[in-house]
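Residue numbers for the sequence shown follow this note's numbering, so the first one is -13 and each next one is one higher. From the three backbone atoms N, C-alpha and C, an ideal C-beta is built for every residue, glycine too. Below: the structure, in structure tokens.
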Amino acid sequence: SRPVRIAPSILSADFAALGAEVRAIDAAGADYIHVDVMDGHFVPNLTIGPAVVKALRPHTAKVMDVHLMIAPADPYLDAFAEAGADILSIHPEASPHLHRSLQRIKALGKRAGVVLNPATPVSALDHVMDLVDLILVMSVNPGFGGQAFIDSALPKIERLRAMIDATGRAIDLEVDGGIDMTTAPRALAAGADVLVAGTASFRGGPSAYAGNIAALRHGG
Ligand code: DX5
Ligand code: ZN
């Protein structure tokens, strides 16, 4: 079976202590550090920008997985790359010239991700698969942590697993939203290999982080 990677979303961390939170979740076994960037326009919440990514970069050597929920995204790709992001993931609805945006991310030397909202069809990927290093399936409508998992993400993950396997390339299949001890095994069984988890990673405070991540990875 394929290795499972856990990507804690710092949206659920203590924003007053972000450096210490990133160090703690790194030490607890996080594979990726998932950074949710929201603009109050594409999604109904405001979070952080490239300055925070830059400030956090010295606190971890893990993959910095930056999920851009901003429209337009293009004017900020260079800034997030320079800030130290390793993966830049964009929504087709916020990047109308999706192919060009993905080309730009690759030209910046970063891994390129495409994010599918719950209502966004898999066919959004049809003509860009050769540029994609990661596909992020939203299992909630983006904007907030702590929402309930939307079951229709599961058949979508199954279809994407088949599409990825047909390419023969190593493309991450990541799922984001409502991942907990119940939904993590279902997402993995459907074919996901990277689990984003905010609430389920950070609940209980730093002494609980290692147990939280191990439970998500191993199913209990
Ligand atoms: C939602 C974000 C998610 C969110 C997940 O817009 O993209 O990454 O932080 O939070 P949980 O795991 O609490 O659903
Ligand atoms: Zn996210």
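- Taking 8 Å as the cut-off, the Cβ atoms of Ala170 and Leu159 do not count as close.
- With respect to Ser75, Leu122 sits close: the two C-beta atoms are nearer than 8 Å.
- Leu84 sits away from Leu42, with the two beta carbons spaced by 8 Å or more.
- Apart from the 5 residues on each side of it in sequence, Ala47 has no Cβ closer than 7 Å to any other Cβ in its chain.
- Cβ-Cβ distances below 8 Å link Ile165 to Ser125, Phe135, Ala173, Leu181, Val182, Ala183, Ala186 and Leu202 in the same chain, with the five nearest sequence neighbours on each side left out; the list follows chain order.
- According to DSSP, Asp12 shares a beta bridge with no other residue.
- The beta carbon of Val118 sits closer than 8 Å to the beta carbons of Leu88, Ala98, Gly99, Val100, Leu111 and Ile157 from its chain, once the five residues preceding and following it are set aside; these are given in chain order.
- Excluding sequence positions up to five before and after His27, its CB lies within less than 8 Å of the CB of Ile56 and Ala57, all in the same chain and listed in chain order.
- Per the coordinates, the alpha-carbon of Ala196 lies some 16 Å from the alpha-carbon of His20.
- Between Ala71 and Val39, the beta carbon gap of about 6 Å places them in contact (Cβ cut-off 8 Å).
- In the DSSP assignment, Met149 falls outside any beta strand (DSSP E) and lies within the alpha helix (DSSP H) extending over Ala139 to Thr153.
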